[in-house]
Amino acid sequence: MIIPAIHEATTNYLWPGLQSTDNSGVYQNVLDGRSGGWWFGNGWCCSNPSLPWGGGFGAAEGDVLFFNNIRNADKNEWVSTIEKNCGEASATNSFPIADKVMNDAPFVAELYEAWDFGPVIFEDVILIATGGDTNFCTDSPWNYNGATNVSITGVTSTVGADSVTCNVESITLWGPM
Numbered sequence: 020m021i022i023p024a025i026h027e028a029t030t031n032y033l034w035p036g037l038q039s040t041d042n043s044g045v046y047q048n049v050l051d052g053r054s055g056g057w058w059f060g061n062g063w064c065c066s067n068p069s070l071p072w073g074g075g076f077g078a079a080e081g082d083v084l085f086f087n088n089i090r091n092a093d094k095n096e097w098v099s100t101i102e103k104n105c106g107e108a109s110a111t112n113s114f115p116i117a118d119k120v121m122n123d124a125p126f127v128a129e130l131y132e133a134w135d136f137g138p139v140i141f142e143d144v145i146l147i148a149t150g151g152d153t154n155f156c157t158d159s160p161w162n163y164n165g166a167t168n169v170s171i172t173g174v175t176s177t178v179g180a181d182s183v184t185c186n187v188e189s190i191t192l193w194g195p196m
């Protein structure tokens with residue numbers, strides 16, 4: 020994720036996440052602009068169970084953020100590793116939600132105020148799902164209420180023995196429709 024400019028404190032959240040099938044919450048890595056600068060952290064929002072947010076760090080325009088979310092069924096948790104600029108800052112957090120089945124991977128600009136920053140760019144996106152159905156990767160994405168202009172490039176999928184790997188070159192959220 021490449022960080023856009025921020026011009027003032029606004030209640031806007033930019034995030035990729037994993038949505039549970041029971042709609043009990045979203046496991047997300049959030050870029051938060053409420054302080055007037057960007058802060059990047061992760062957590063389980065906003066319902067059952069109620070959990071504290073994990074650690075994070077500040078980010079500035081042009082920084083490149085990496086995130087890796089992995090389900091560890093043996094320990095009944097999801098583990099998130101987030102990093103800035105190849106190791107300049109990092110945090111690893113775990114959340115006891117491995118019982119949650121995730122079936123949606125939203126990339127979101129959650130706006131409560133004006134979009135006063137540039138495009139939100141996600142590059143080198145890799146999604147791995149159990150099973151053999153490639154539709155989650157190859158079907159057209161769902162744009163909630165046509166909320167944003169979006170472009171997606173370089174989508175490929177590979178079927179393995181028990182999983183499908185979806186590679187996406189880039190997802191760019193350009194701004195509201």
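For the sequence shown, our numbering gives the first residue as 20, with consecutive numbering after it.
From the three backbone atoms N, C-alpha and C, an ideal C-beta is built for every residue, glycine too.
Quick caveat, the model's predicted, so the values are computed rather than measured.
Residue span of the beta strand (DSSP E) that contains residue i, given as start and end
i    : result
F76  : G75 to A78
N67  : No beta strand (DSSP E) contains N67, which DSSP labels as neither H nor E.
S39  : N31 to S39
D51  : V45 to D51
F136 : Premise fails: F136 is in no beta strand (DSSP E) and is neither H nor E.
Simplified DSSP assignment, three categories, for residue i
i    : result
Y148 : According to the sequence displayed, residue 148 carries Ala and not Tyr. Here A148 sits in strand by DSSP.
G165 : helix
A117 : coil
D93  : helix
T172 : strand
N27  : The residue you asked about is not Asn; residue 27 is Glu in the sequence shown. E27: coil per DSSP, three-state reduction.
E129 : strand
N42  : coil
D123 : strand
S109 : strand
G56  : coil
G179 : coil
G81  : coil
Limits of the unbroken alpha helix (DSSP H) element including residue i
i    : result
C185 : It is not in any alpha helix (DSSP H) - C185 instead sits in the beta strand (DSSP E) that spans S182 to P195.
T100 : It is not in any alpha helix (DSSP H) - T100 instead sits in the beta strand (DSSP E) that spans E96 to K103.
F155 : N154 to T157
Sequence-distant residues of the same chain with beta carbon closer than 8 Å to residue i, five excluded per side
i    : result
M196 : G165, A166, T167 and N168
Residue burial classification, residue i (beta-carbon count within 10 angstroms, cutoff 16)
i    : result
N31  : buried
I116 : buried
G52  : buried
G75  : buried
V139 : buried
Y46  : buried
T157 : exposed
P35  : buried
I89  : exposed
A78  : buried
V178 : exposed
Other residues of its chain near residue i: CB distance less than 7 Å, five sequence neighbours each side excluded
i    : result
D82  : I22, K103 and N104
N112 : N61, G73, G74 and S99
Neighbourhood of residue i by C-beta, 6 Å cutoff - its chain only, sequence neighbours within 5 removed
i    : result
E142 : S189
W134 : G194 and P195
L146 : A124 and C185
S66  : S43 and G44
F86  : N48 and I101
M20  : L84 and F141
Bridge-paired residues (DSSP) for residue i
i    : result
E142 : S189
The ligand NAP heavy atom lying under 8 Å from the CB of residue i
i    : result
F126 : Absence of the ligand NAP is noted for the structure shown, with no ligands found whatsoever.
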